[in-house]
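**Q** In terms of the working numbering, the sequence shown is residues 347 to 685.
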Amino acid sequence: MKPVVVYTDPFWALADGAVNPALATIENEVFGDKVELRFGVVQDGAYVKGGPRFIDNLKGASALAIYRAQMTEEVFATIRGEVKVIGRQGVGYDNIGLPFLKPNGIFGFNVPDYCVDEVSTHTLSLVLALERQICLQNNHLKSGHWDIYDGGYPRRLQGLTAGIIGLGRIGKATAQKLRCFYGQVIGYDPYVHGDHMIGYGVQKRHTLPDLLHQADVVILHCLLDEDTRNLVGESFLREMKSDAFLINPARGGLVDPQAVHAALSEGRIGGYASDVFTPEDPNDHEWNRRLLPFENVVVTSHRAFLSAESELSQRRRVAEEILHVLETGRPPRWGSLTD
């Protein structure tokens, strides 16, 4: 009997609001006839990512490939003893149920480096859109209002400091690109030594307030965990310069949107740009939705990772690692979260 691999919520498999198995071209190429593919439950054009129908669909699976679905304790109670490996189709692993993997004898992995160039480039796009008031100019000019001073005077970046919180793969790539625009790049990451940062042109700041007091733009590139959840709250924002920009290409859960709304309303920060929200669509959350009308707010739909090349690479790597575990019983070779 072939092992069953369940892809719980892959966006790439949706067409016209329904799963189209024929779109699993990469997966079929990697797996061949060695496994049976099963896809997540779809309702009203979107994947069901929790509850009885979601859990029932996992029964009998030997492996899971997850995207945005949450692996809860309830899920592990169902898959225990059957699922051998869970692959996260992305960089983050806050939804893979990390504390439950080892106790249940399940390997877990992510793909931490498939979109470093894409996310760092998207980050720069958000930064420069705010710095040069690109979105405001675009919207106003298309509405018939031509004014070179609309949005005020942009800042000369060579006299400014960019600050990065989180100097992992993407943070370091962003730093190198930022150096082309900003006079100084500083970083805060308690897990990265200052000597290492210097190699990427970044000067280490040993406390978060030290970075916030100096940075003219603050960029979040840190992981979401219990230490960083709602990192950006009232006290964080009050430490920032009153004209500094806040950029979040990392995780929605890092930011308290009500606190950001208050800071923007009171003119305590210069602007906000974000690719990520909790829940995914900011229109589905009262305080995220209330951020959208601000002209100094720029938003995108969690697509910083996206390019044709990055998506195909991620899909292939997830399938290859799942097949490796199923065929050998050995841990994932890349991105293992259970070593």
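No residue lacks a Cβ here, since even glycine has one placed at the ideal position from N, Cα and C. This one's a predicted model, so the numbers in the text were calculated from it and none came from an experiment.
Please classify Y495: is it buried, with 16 or more other beta-carbons within 10 angstroms of its beta-carbon, or exposed?
**A** It counts as exposed.
**Q** Any idea what DSSP makes of I532, helix, strand or coil?
**A** If DSSP states are grouped into helix, strand and coil, I532 belongs with the strands.
**Q** In chain order, what are the residue ranges of uninterrupted beta strand (DSSP E) at least 3 long that sit wholly in the segment 564-648?
**A** For the segment 564-648, whole beta strand (DSSP E) runs of length 3 or above, ordered along the chain, are 591-594, 617-620, 643-645.
**Q** For the beta strand (DSSP E) containing M401, list its first residue and its last residue.
**A** Here the sequence assigns Ile to residue 401, which means Met is not the residue at that position. Where I401 is concerned, there is no enclosing beta strand (DSSP E), although the alpha helix (DSSP H) it sits in stretches over 398-402.
**Q** Going by the CB atoms, is the gap between L476 and F591 shorter than 8 Å?
**A** Cβ distance < 8 Å, so F591 and L476 count as in contact.
**Q** Assuming V311 and V578 are in contact, meaning their beta carbons sit under 8 Å apart, how far apart are those beta carbons, in whole angstroms?
**A** Given that the chain is displayed from residue 347 to residue 685, the structure contains no residue 311 and the question cannot be resolved.
**Q** Around the C-beta of L487, are 16 or more other C-beta atoms found within 10 angstroms, so that it is buried, or is it exposed?
**A** So L487 counts as exposed.
**Q** Please determine, among Y499, D379, P603, C461, the residue with the shortest C-alpha to C-alpha distance to E580.
**A** Nearest option by C-alpha distance: P603.
**Q** If you count every other CB in all the chains shown that lies within 10 Å of the CB of P518, and 16 or more means buried, which is it?
**A** In the sequence on display, residue 518 carries Lys and not Pro. Buried is the call here.
**Q** Could you tell me the distance, in whole angstroms, from the CA atom of G451 to the CA atom of G433?
**A** Those two C-alpha atoms are separated by around 14 Å.
**Q** Are the CB atoms of S588 and R614 within a distance shorter than 8 Å?
**A** Yes, the Cβ-Cβ distance between R614 and S588 is below 8 Å.
**Q** With a cut-off of 8 Å, do at least 3 Cβ pairs link the segment 403-417 to the segment 434-451?
**A** Yes, the segment 403-417 is in contact with the segment 434-451.
**Q** Inspect the beta-carbon positions of V457 and E666 and report whether they are closer than 8 Å.
**A** Their beta carbons are not under 8 Å apart, which means V457 does not touch E666 by this criterion.
**Q** Whose CA, out of T574, T507, M543, lies closest to the CA of N594?
**A** Considering only alpha carbons, the answer is T574.
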